[in-house]
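Visitor: What follows is a structure written as C-alpha cells; I'll ask about it next.
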Amino acid sequence: MDLKRALGRKIRSFRKARKLSQEKLAEMASLSITFLGTTERGWSIPSLKTCLRLAKALRVPLCELFRFDEMSEQDYRIEEFVLRLHESDSERLKMILEIGEVLLGKVPEKEEPSPSLEASSIPREKAKDLKSGPRRTRRNRPHLSRQKLPGPLP
C-alpha cells in the first residue's frame with residue numbers, strides 16, 4: 010500500500026471520528042486547508058513535525074498515525090465507527106447496541122416472543138395467507154403509471 014495514501018486515510022479517519030471539519034483540524038494543527046486536503050487524499054506527505062501537530066490536534070498517539078495493517082476500506086470504516094462509539098454517552102451506546110443486535114438477527118433478551126399463529130384461533134389456511142401476505146395479481150400490483158409523482162421542485 011502506498012504510504013502517502015495510507016497516512017492520508019488514517020488522518021481522515023481520525024478527523025471524521027472526532028467530527029472535525031478539514032477547516033477546524035487545519036486550524037488546530039496550524040496547517041493550511043489545502044495542505045490538509047492534499048495530505049488526506051494521499052497527494053502529499055507531511056513532515057514529522059506536522060505529523061506531531063496533527064496527532065496532538067486529533068488527540069491520538071503519533072504511532073497511531075503510522076499503524077498500517079493493510080486494512081481494507083471496510084476495516085477503515087469499522088475503525089472510524091469504533092472511535093465514534095468511544096465518544097458516545099452510555100445511553101446512546103446502549104441504543105446503538107440494541108439496534109445492532111436487531112440488525113444482526115439477535116433478539117434482545119427482554120423481549121417476549123409473540124404468540125405463534127399455530128396457537129391462535131385462526132384456521133391453518135387463513136394463517137398461511139397471513140404469513141405470506143396478500144397475493145399479487147395483475148389488478149392489485151402497483152404500476153408506475155398509476156403512481157402520483159410529486160409536484161415540481163421549488
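The sequence shown begins at 10 in the working numbering and counts up by one. Don't be surprised by glycine CBs; every beta carbon is placed ideally from N, CA and C.
#1: How many angstroms separate the CA atom of F75 from the CA atom of L16?
#2: Cβ of R93 within 9 Å of Cβ of A26?
#3: I need the boundaries of the alpha helix (DSSP H) containing G109, first residue and last residue.
#4: Which whole-angstrom value is the C-beta distance of C60 and L67, which I expect to be below 8 Å?
#5: Which value, in whole angstroms, describes the spacing of the CA atoms of S56 and F23?
#6: For I42, which three-state DSSP category applies?
#7: Within its chain, find whatever has a CB closer than 8 Å to the CB of R21; leave out the 5 residues flanking it on each side and keep chain order.
#8: Would you kindly report the start and end of the unbroken alpha helix (DSSP H) that includes G17?
#9: Just to confirm, are W52 and K13 a CB contact at a threshold of 9 Å?
#10: Would you give the residue range spanned by the alpha helix (DSSP H) that I54 belongs to?
#11: Take the Cβ of L106 as the centre, count every other Cβ of all protein chains shown within 10 Å, and call the residue buried at 16 or more, exposed below.
#12: Got a sec? Which residues, its chain only, sit under 7 Å from A35 by beta carbon, not counting five neighbours each side?
Guide: Judging by the given coordinates:
#1: One C-alpha to the other measures close to 7 Å.
#2: In this structure, A26 lies closer than 9 Å to R93 by Cβ.
#3: Where G109 is concerned, the enclosing alpha helix (DSSP H) stretches over S99 to L112.
#4: So it is not a contact: roughly 10 Å between Cβ atoms.
#5: Using only the alpha carbons, I get a separation of about 18 Å.
#6: The answer is helix: DSSP assigns I42 an H, G or I state.
#7: Only residues of its own chain outside the window of five on either side were considered, and among them E49 have a CB closer than 8 Å to the CB of R21, listed in chain order.
#8: Start and end: L12 to A26.
#9: Yes; because the gap between Cβ atoms is below 9 Å, this pair is in contact.
#10: Element bounds for I54: n/a, residue is neither H nor E.
#11: The residue is exposed, with fewer than 16 neighbouring Cβ atoms inside 10 Å.
#12: Answer for A35: S41, I42 and L45, listed in chain order.
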